[in-house]
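Asks: Those letters in the sequence shown? Residues 32 to 224, by our numbering. Don't be surprised by glycine CBs; every beta carbon is placed ideally from N, CA and C.
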Amino acid sequence: MEVVSINFRLAPEHSCPTEYEDSFDTLKFLDEVFDKLPANLNLKLCFIAGDSAGGNLVHHVAVKASEYEFSSLKLIGLISIQPFFGGEERTESEIQNSRGLLLSVEDTDWYWKMFLSDGSDRDHPAVNVFGPKSSVDISRVMYPSTLILIGGLDLLYDWQRKENWERSGSGGGSECFSWISNVRGASRVGFVY
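1) Looking at residue 112 and residue 138, is the spacing between their C-beta atoms short of 9 Å?
2) In terms of residue numbering, what span does the alpha helix (DSSP H) encompassing residue 126 cover?
3) In the DSSP assignment, find the alpha helix (DSSP H) that holds residue 54 and state where it starts and stops.
4) Ignore the nearest five residues each way along the sequence and tell me which others in residue 136's own chain have a CB closer than 7 Å to its CB.
5) Given 8 Å as the limit, is there contact between the stretch 56-68 and the stretch 153-172, that is, 3 or more CB pairs closer than that?
6) Report the rounded CA-to-CA distance for residue 193 versus residue 64, giving the unit in angstroms.
7) Let me know the alpha helix (DSSP H) ranges lying completely inside the stretch 113-173, each 4 residues or longer, listed in chain order.
8) Does the beta-carbon of residue 182 have 16 or more other beta-carbons within 10 angstroms, so that it is buried, or is it exposed?
9) Hey, how far is the Cα of residue 143 from the Cα of residue 50?
10) Apart from the five residues just before and just after residue 117, which ones in its own chain have a Cβ nearer than 7 Å to its Cβ?
11) If you run the structure through DSSP and keep just helix, strand and coil, what is residue 97?
12) Using only alpha-carbon positions, find the residue among 94, 45, 36 that is nearest to residue 170.
13) Spell out the partners DSSP gives residue 110 in its beta bridges.
14) If distances are taken between C-alpha atoms only, which option among 39, 32, 37, 45 comes closest to residue 145?
15) Taking the alpha-carbon positions, what's the residue 36 to residue 123 distance?
16) Going by the CB atoms, is the gap between residue 180 and residue 207 shorter than 9 Å?
17) Could you check where the beta strand (DSSP E) with residue 205 kicks off and where it finishes?
18) Determine the DSSP secondary structure at residue 34, reduced to helix, strand or coil.
19) Let me confirm a value: residue 99 is counted as buried when at least 16 other C-beta atoms fall within 10 Å, else exposed. Which label applies?
20) Under three-state DSSP, which class holds residue 194?
21) DSSP three-state call for residue 67: helix, strand or coil?
As structure tokens, then:
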């Protein structure tokens, strides 16, 4: 197994969609230089994985990849760990867990403001991927099989469940695993029970 970690340009110096473009360009680059890569590397078995903001990135790169014809690379799976999504509407999990152990609603609002940096609200398609401003018809996207890992006490829990529900009818299907007692970021700090 080979792992590629992308050193994409970051917000706020480089605003959305720079991170998505850098990540997708990496997939295209791997596809283009396939004949120069190690012989044991099988690009027909490619997964994309991301945690938190990386989970958001996984979604957007997968949408771009579904519209592109690779010659050697085949995206067969996505792993999205506590993906960072949101919207203008405050969900029940955001209200109940607004002062999360590692992340608050105020924090998420600030992160979105820095990421978007153009004055857009949280219904921007980068944030609310299935919301009123999204131009993507998710039922037409051929997603590969997807595993979504979420924390039951994560303030973004409802947005993550919505992603799983919306995505489950497209492409390769979607499985969602919930750590009932976990907060946002628990997988990184050893709170996984």
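Replies: According to the data block:
1) no
2) Per DSSP, residue 126 belongs to the alpha helix (DSSP H) from 123-127.
3) 49-63
4) 125, 129, 186
5) no
6) 37 Å
7) 123-127, 136-147
8) buried
9) 14 Å
10) 139, 143, 153, 158, 159, 187, 190
11) In the three-state DSSP reduction, residue 97 falls in the helix class (H, G or I).
12) 94
13) 80, 178
14) 45
15) 34 Å
16) yes
17) 205-210
18) coil
19) exposed
20) helix
21) helix
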